[in-house]
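The sequence shown lines up with residues 1 to 173 when you count with UniProt numbering.
Working notes for the structure below.
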Amino acid sequence: MPSLRKWTGSGYVEIRTPSIGVGNSAAQRVLVWNGSSYQEVWRSTPPWRVIKNGRYTPGGSGTDYVIPDWVAADGYPSTAYANGLLVPRPATVTVRATVTRTVTTSNTWGLSLTKNGSVILALNNASPNSLTHSVSVSGVAVVAGDVLSVRVRTSVDTWAIVESGVVTYLEAV
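Structure follows, in structure tokens:
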């Protein structure tokens with residue numbers, strides 16, 4: 001994407017700003033007419049976030065299961081995909097997930113993160129009695145159409161039922 005520049009009368013200077021907007025409304029992107037078509041010269045960075053839609057019980061123990069059924073979180077763009085977050089455009093992001101289970105029964109359980117089915121963060125085990133576990137990996141290059149997913153592994157499937165709603169989310173920031 002080209003830089004956003006301003007004509008000073010004697011040359012161009014690059015505009016460096018964390019946000020662009022009018023009043024209190026932030027712009028999502030800026031287009032400039034080049035004489036024949038509009039060219040995108042600036043676009044806001046992510047975040048994109050999806051939340052779990054309905055509880056999920058892993059299919060068994062000792063295997064990584066992709067957590068299904070996500071919806072876009074309120075205030076975020078519609079990036080939900082059946083198995084995670086559908087990336088809308090290229091970026092380099094930090095992928096984060098927080099998963100809450102329905103019980104605190106002692107259980108070996110953990111999470112991993114994938115991009116298009118390939119592991120980008122290997123299994124990271126939670127504390128056996130924890131209700132919630134969070135994982136993240138930074139510097140992940142994504143393009144439009146990539147799918148980011150979170151997987152769960154457990155030693156007892158019924159003790160790792162994934163909770164629904166805002167307490168379980170997957171995001172790219």
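Even glycine gets a Cβ: it sits at the ideal position worked out from N, Cα and C.
Nearest neighbour of residue i, chosen from the options [CA to CA]
i    : options                : result
R55  : W70, D64, G9           : W70
A80  : V103, K52, W33, P90    : K52
T98  : A172, T168, S10, G23   : T168
T102 : N116, I161, L123       : I161
S61  : W109, T104, I15, P68   : W109
S127 : K115, L121, L111, G117 : L111
V166 : L121, S78, T100        : T100
V66  : L113, G11, S138        : L113
N129 : L121, R151, S138, T105 : T105
E171 : G23, S78, D157         : S78
V173 : S10, V87, R151         : V87
D157 : G23, P68, P58          : P58
Backbone CA spacing between residue i and residue j [nearest angstrom]
i    : j    : result
K6   : S155 : 59 Å
M1   : S37  : At M1, the pLDDT of 45 sits below 50, so the modelled position is not reliable and the matter cannot be decided from this model.
V13  : V32  : 16 Å
T63  : R153 : 6 Å
L131 : G35  : 58 Å
G117 : L123 : 14 Å
L85  : T8   : 42 Å
K115 : G21  : 32 Å
R151 : G11  : 52 Å
S138 : G75  : 23 Å
E163 : P68  : 12 Å
V30  : L121 : 34 Å
G23  : I15  : 18 Å
Residue j beta carbon less than 8 Å from that of residue i
i    : j    : result
V140 : P90  : no
P46  : V93  : yes
V95  : S136 : yes
R49  : A82  : no
N125 : W159 : no
Q: Answer yes if the region 30–44 comes into contact with the region 139–154, meaning at least three C-beta pairs across the two stretches below 8 Å, and no otherwise.
A: no
Q. Considering only residues of the region 30–81, which uninterrupted beta strand (DSSP E) runs meet the minimum length of 3 residues and lie entirely inside it, listed in chain order?
A. 38–43, 48–52, 70–72
Q: Please go through the region 118–146 and give each complete beta strand (DSSP E) segment of 3 or more residues, from N-terminal end onward.
A: 118–125, 132–142
Q) Mind pulling the beta strand (DSSP E) runs of 3 or more residues that sit fully within the region 146–170? A) 147–154
Q. Mind pulling the beta strand (DSSP E) runs of 3 or more residues that sit fully within the region 96–121?
A. 109–115
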